[in-house]
Amino acid sequence: MLLAVLALHVNLIVVEKGKHTMTLLDHGRVVKSYHVALGPDLAPKKKKGDGRTPEGRYIIDGRNAASHYHRALHISYPSAADRRNARRRGVDPGGDIMIHGLPNGTGKLGKLHLARDWTLGCIAVTDEEIEEIWKLVPNGTPIVIKP
0 MLLAVLALHV
10 NLIVVEKGKH
20 TMTLLDHGRV
30 VKSYHVALGP
40 DLAPKKKKGD
50 GRTPEGRYII
60 DGRNAASHYH
70 RALHISYPSA
80 ADRRNARRRG
90 VDPGGDIMIH
100 GLPNGTGKLG
110 KLHLARDWTL
120 GCIAVTDEEI
130 EEIWKLVPNG
140 TPIVIKP
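Letter by letter, the sequence shown follows residues 0 to 146 in numbering that gives the first Met the number 0.
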């Protein structure tokens with residue numbers, strides 16, 4: 000099954016925060032879905048350090064194989080609109096939002112990490128899942144993060 004999945008081209012990621020899901024799509028067809036952990040406050044991200052996962056349209060604009068977490072795909076947050084909104088409120092919008100695996104050395108936790116939302120605003124999956132996502136998702140892939 001994995002070989003068949005790897006032959007597909009993922010051209011959109013959709014995260015539904017309320018459902019704690021991330022779905023990889025190929026022209027509207029579901030390639031794979033994952034259960035995810037998020038920031039502990041499910042409201043939209045407003046400022047640096049609020050522990051919230053942003054909402055909106057972004058792209059995967061980089062990757063880090065040497066992350067403090069098992070691999071990380073960087074999300075292009077903050078957008079120009081996020082920066083404008085933060086400036087209006089007089090706050091720093093933050094940044095460094097990623098899709099990543101578990102903290103290095105804790106991979107054996109596997110799906111137990113889903114027991115609670117624990118990230119600082121990122122989207123977390125198991126180490127095995129981020130390995131699969133890493134191969135399926137090219138830089139430049141759009142990501143839509145919904146409430």
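All C-beta atoms in this analysis are idealised placements derived from N, C-alpha and C, irrespective of residue type, glycine included.
What ranges does the beta strand (DSSP E) occupy inside the segment 7-53, keeping only unbroken runs of at least 3 residues that lie completely in it?
The segment 7-53 contains these whole beta strand (DSSP E) runs: 11-15, 20-25 and 28-34.
Spatial neighbours of valine 4 within its chain, please: CB distance less than 8 Å, with the 5 preceding and 5 following residues excluded, ordered by chain position.
Here residue 4 refers to the residue found at position 5 when the sequence shown is read from its first residue. Its pLDDT being 48, under 50, valine 4 is placed unreliably in this model, and the coordinates cannot settle the point.
By how many angstroms is the C-alpha of arginine 86 removed from the C-alpha of threonine 20?
On the sequence shown, residue 20 is found 21 positions in, with the first residue counted as 1. On the sequence shown, residue 86 is found 87 positions in, with the first residue counted as 1. Roughly 30 Å separates the two Cα atoms.
Pair every Cβ in the segment 115-122 with every Cβ in the segment 59-66, then say whether three or more of these pairs are closer than 8 Å.
no
Taking the alpha-carbon of alanine 114 as reference, which of His34, Tyr68 and Ile59 has the nearest alpha-carbon?
To locate residue 114, count along the sequence shown from 1; it is residue 115. Ranking the options by Cα distance to alanine 114, first place goes to His34.
In angstroms with no decimal places, state the Cα-to-Cα distance between glycine 139 and isoleucine 58.
Translated into the one-based positions of the sequence shown, residue 139 becomes position 140. Translated into the one-based positions of the sequence shown, residue 58 becomes position 59. If you take the alpha carbons of glycine 139 and isoleucine 58, they lie about 6 Å apart.
Give me, in chain order, the residues of the same chain whose beta-carbon lies closer than 7 Å to that of serine 75; leave out the 5 immediate sequence neighbours on both sides.
Along the sequence shown, one-based indexing puts residue 75 at 76. Tyr57, Ile58 and Asp60.
I'd like the list of long-range same chain contacts for leucine 41, defined as Cβ closer than 6 Å, with 5 residues on each side in sequence excluded.
Working through the sequence shown from its first residue, we reach residue 41 at position 42. So the list reads Lys16, once near-sequence residues are dropped.
Could you check what DSSP says for aspartate 60 in three-state terms: helix, strand or coil?
Start at 1 with the first residue of the sequence shown, and residue 60 comes out as number 61. It is a strand residue.
Contacting residues, own chain, Cβ-Cβ under 6 Å from proline 141 (five flanking each side not counted)
Position 142 of the sequence shown, counted from the start, is the residue given in the question as residue 141. Closer than 6 Å at the Cβ level, and outside the excluded window around proline 141, lie Leu11 and Ile58.
Measuring straight from C-alpha to C-alpha, what distance separates glycine 104 and valine 13?
Here the question's residue 104 lines up with position 105 in the sequence shown. Here the question's residue 13 lines up with position 14 in the sequence shown. Roughly 28 Å separates the two Cα atoms.
Leucine 72 - DSSP class collapsed to helix/strand/coil
The residue labelled residue 72 in the question sits at position 73 within the sequence shown. Three-state result, leucine 72: strand.
Helix, strand or coil for glutamate 131 per DSSP?
Mapped onto the sequence shown, residue 131 falls at position 132. Glutamate 131 falls in the helix class under three-state DSSP.
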